[in-house]
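J.: Residue numbers (my numbering): 23 to 205.
All C-beta atoms, glycine included, are put in the ideal place defined by N, C-alpha and C.
One structure follows; several queries about it will come next.
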Amino acid sequence: MFVDPHTHHFVSNYSTLELIRDEGFRRVFILAYIPIKPLHYSTLVDLFRWLVEVEPLRFKELGIELRVGLGIHPRNIPSPNLEGFKGLEDWLFRADFVGEVGLEIGFDDEVRVFSEMLRLAKKFDKVVIIHTPRKNKELITKKVVNYVVLSGLSLDRVVIDHISREVVKEVIKLGSFIGLTVQ
23 MFVDPHTHHF VSNYSTLELI RDEGFRRVFI LAYIPIKPLH YSTLVDLFRW
73 LVEVEPLRFK ELGIELRVGL GIHPRNIPSP NLEGFKGLED WLFRADFVGE
123 VGLEIGFDDE VRVFSEMLRL AKKFDKVVII HTPRKNKELI TKKVVNYVVL
173 SGLSLDRVVI DHISREVVKE VIKLGSFIGL TVQ
């Protein structure tokens, strides 16, 4: 049995999902992300609703167990003001884990949203899957590690993903799980 812990297959067509099943995957983890910066938080609400209410049924038809991660990806922050997304806690309560969240550039707005995602992961005792960027990976990964430590999250609930050779020692030293999902 294979498990894929980091996908965005909600944009995959049915034949792609059949191929995944036929290759032996029995469990898939979908992380919230859209390939464009949304203009409004309502776009994320619609995405979350789709992931929680529709996708599990589509995967179940194929005999694949679906786990859903919800969170605000750093490239999907419509506004740094989380007041625009008042229902965030209700959605995270319905998720299997928090993700994909993290830092892309490390600006204050990203840090504020990332810190809130870590706070909610801790509040709901959810595993959190954390994005690290392609560019400036060493600098941004150090920031990610710092905010994880400051959050007080149990490290057995943290997966820092997209880890490369340049930062693997830093993440091993932290003691969290290491994600090797290729970007």
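(1) Rounded to whole angstroms, how far is the Cβ of I151 from the Cβ of D178, which I believe are closer than 8 Å?
(2) Measure the C-alpha to C-alpha separation of L172 and L41 and round it to an integer number of angstroms.
(3) Please list the segments of the beta strand (DSSP E) lying wholly inside the region 123-174, counting only runs of 3 or more residues, in order along the chain.
(4) Jot down the residue ranges of each uninterrupted alpha helix (DSSP H) in the region 53-100, minimum 4 residues, whole runs only, in chain order.
(5) Is the Cβ-Cβ distance between F32 and I52 less than 8 Å?
(6) Do you know how far the Cα of E45 is from the Cα of K195?
(7) Report buried or exposed for K148, applying the criterion of at least 16 other Cβ atoms within 10 angstroms of its Cβ.
(8) Determine, using beta carbons only, whether V67 and E77 come nearer to each other than 8 Å.
(9) Quick one: what does DSSP say I194 is sitting in, helix, strand or coil?
(10) Across which residues does DSSP place I200 in a beta bridge pair?
(11) To the nearest angstrom, how far is the alpha carbon of E160 from that of G201?
(12) Using only the alpha-carbon positions, how far apart do W72 and I127 sit?
(13) Cβ-heavy atom distance between V123 and the ligand ZN below 7 Å?
(14) What number of angstroms, rounded off, separates the C-alpha of E105 from the C-alpha of V193?
(15) May I have the straight-line CA-CA distance separating P155 from R80, to the nearest angstrom?
(16) Taking buried to mean at least 16 other C-beta atoms within 10 Å of its own C-beta, is T38 buried or exposed?
(17) According to the Cβ coordinates, are L61 and P100 closer than 8 Å?
(18) Should G174 be labelled buried (16 or more other beta-carbon atoms within 10 Å of its own) or exposed?
T.: From the atom records:
(1) Residue numbering aside, residue 151 sits at position 129 when the sequence shown is read from its first letter. Residue numbering aside, residue 178 sits at position 156 when the sequence shown is read from its first letter. At roughly 13 Å, the Cβ-Cβ gap does not stay under 8 Å, so I151 and D178 are not in contact.
(2) Counted from its first residue, the sequence shown places residue 172 at position 150. Counted from its first residue, the sequence shown places residue 41 at position 19. Going from the Cα of L172 to the Cα of L41 covers about 42 Å.
(3) 150-153
(4) 63-71 and 77-83
(5) Translated into positions along the sequence shown, residue 32 becomes position 10. Translated into positions along the sequence shown, residue 52 becomes position 30. The answer is yes: Cβ separation under 8 Å.
(6) On the sequence shown, position 173 is the one that residue 195 refers to. On the sequence shown, position 23 is the one that residue 45 refers to. Taking the straight line joining both Cα atoms gives about 35 Å.
(7) Start at 1 with the first residue of the sequence shown, and residue 148 comes out as number 126. Answer is buried; the Cβ neighbour count reaches 16.
(8) For the purposes of this step, residue 67 is taken as the residue at position 45 of the sequence shown. For the purposes of this step, residue 77 is taken as the residue at position 55 of the sequence shown. In this structure, E77 does not lie closer than 8 Å to V67 by Cβ.
(9) The residue labelled residue 194 in the question sits at position 172 within the sequence shown. Residue state, collapsed to three classes: helix.
(10) To locate residue 200, count along the sequence shown from 1; it is residue 178. I182.
(11) Along the sequence shown, read from residue 1 onward, the residue named residue 160 stands at position 138. Along the sequence shown, read from residue 1 onward, the residue named residue 201 stands at position 179. Distance between the alpha carbons of E160 and G201: 15 Å.
(12) Counted from its first residue, the sequence shown places residue 72 at position 50. Counted from its first residue, the sequence shown places residue 127 at position 105. Their backbone Cα atoms lie some 28 Å apart in a straight line.
(13) The ligand ZN is not part of the structure shown, which contains no ligands of any sort.
(14) Translated into positions along the sequence shown, residue 105 becomes position 83. Translated into positions along the sequence shown, residue 193 becomes position 171. Going by the C-alpha atoms only, they are around 32 Å apart.
(15) Counting from 1 along the sequence shown, the entry for residue 155 is found at position 133. Counting from 1 along the sequence shown, the entry for residue 80 is found at position 58. C-alpha separation (whole angstroms): 30 Å.
(16) Locating residue 38 in the sequence shown gives position 16, counting from the first residue. Classification for T38: exposed.
(17) As a working mapping, residue 61 is identified with position 39 in the sequence shown. As a working mapping, residue 100 is identified with position 78 in the sequence shown. Contact: yes.
(18) Mapped onto the sequence shown, residue 174 falls at position 152. Exposed, since its Cβ has fewer than 16 Cβ neighbours within 10 Å.
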